[in-house]
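Enquirer:
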Amino acid sequence: MITRLRLRKAMGDLRAHRGRTVLTWLAVTAALAAAATVLDAWALVREVTRDQYLASAPAAATIVVDPLTPDARARALAAVRAVPGVRDAEAHRAVSTRIQVGGTVLGARLFVSDDPAAQRVGRLRIARGAWPAAAGPDIAIERSSLDFAGLTLGDRVQLGTADGD
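According to the numbering used here, the residues represented by the sequence shown are 168 to 332, in order.
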């Protein structure tokens, strides 16, 4: 009896306020559609980001050692590759530096590669230009680092040593 009475009251209220009821349903429908769109876009971006990251064959570990002679580097690399579970290993040189962008000086770590196309770990894709560079002091900067430094492709920067020289 009480449920029937409540239903009758609710239906009466809905009829009495038709405009408000329609607007409420439209708002709820629009909100659900917007939420579904955002979730769909997020899922797509997440999948593409993961796929592109994995396509770069990212390093699972980085081992930093003092500068080695070429023979010592080859022996160390062979020892790391012989460790069970290590799929691949490469040696790269790295230099701590400072990069000046406009009036801002940022710390940077430059990884030196003789041939980015031959890299098996942490592969890079050249977005513009060629390797090796035809002439001039060109450097390749990873895309997210461009965004962090507020740079675009082709911008000029000034490099210095980590201690400010």
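Don't be surprised by glycine CBs; every beta carbon is placed ideally from N, CA and C.
Quick caveat: nothing in here was measured; it's all calculated off a predicted structure.
Would you list the residues sitting across from Arg274 in a DSSP beta bridge?
Expert: Before going on, a small fix: residue 274 reads as Gly here, not Arg. Note: Gly274 sits in a beta bridge opposite Arg265.
Enquirer: Would Leu277 and Thr264 qualify as a contact pair, given that the criterion is a beta-carbon distance under 7 Å?
Expert: Yes, Cβ-Cβ distance for Leu277 and Thr264 is below 7 Å.
Enquirer: Are Val247 and Ala241 touching if we call contact CB-CB under 7 Å?
Expert: Result no, Cβ atoms of Val247 and Ala241 do not sit closer than 7 Å.
Enquirer: What would DSSP say about Leu343, mapped onto helix, strand or coil?
Expert: Any question about residue 343 goes unanswered here, given that the chain covers just 168 to 332.
Enquirer: Nearest CA to the CA of Leu326: which residue from Arg182, Val250, Ala275?
Expert: Nearest of Arg182, Val250, Ala275 to Leu326, Cα basis: Ala275.
Enquirer: Suppose you measure from the CA of Asp207 to the CA of Leu193; what does that come to, to the nearest Å?
Expert: For Asp207 and Leu193, the distance between alpha carbons rounds to 21 Å.
Enquirer: Spell out the partners DSSP gives Val279 in its beta bridges.
Expert: In the DSSP output, where bridge partners are listed per residue, Val279 has Arg260.
Enquirer: Got a sec, what are the start and stop residues for the alpha helix (DSSP H) Ala307 sits in?
Expert: Per DSSP, Ala307 belongs to no alpha helix (DSSP H) and is neither H nor E.
Enquirer: To the nearest angstrom, how far is it from the Cα of Asp282 to the Cα of Ala197?
Expert: Taking the straight line joining both Cα atoms gives about 52 Å.
Enquirer: Residues in the same chain with beta-carbon distance under 7 Å from Ser280, minus the five sequence neighbours each way, listed in chain order, please.
Expert: The answer, listed in chain order, is His259, Gln286.
Enquirer: What first and last residue would you give for the alpha helix (DSSP H) that runs through Gln286?
Expert: Note, Gln286: premise wrong, no alpha helix (DSSP H); not H, not E.
Enquirer: Use the C-beta contact count for Ile230: other C-beta atoms within 10 angstroms, 16 or more gives buried, fewer gives exposed.
Expert: Classification for Ile230: exposed.
Enquirer: Just the Cα atoms here: how many angstroms apart are Ala177 and Gly186?
Expert: Between Ala177 and Gly186, the C-alpha separation is close to 15 Å.
Enquirer: If you reduce the DSSP assignment to three classes, tell me which class Pro251 lands in.
Expert: The answer is coil: DSSP assigns Pro251 none of H, G, I, E or B.
Enquirer: Compute the beta-carbon to beta-carbon distance between Ser223 and Arg290, rounded to the nearest angstrom, for a pair I have assumed lies under 8 Å.
Expert: The pair is a contact, with the Cβ atoms about 5 Å apart (cut-off 8 Å).
Enquirer: Which two residues bound the contiguous alpha helix (DSSP H) that contains Ile293?
Expert: First-last for Ile293: undefined, no H or E at that position.
Enquirer: For a quick check, are the C-beta atoms of Val288 and Ala226 less than 7 Å apart?
Expert: Cβ distance < 7 Å, so Val288 and Ala226 count as in contact.
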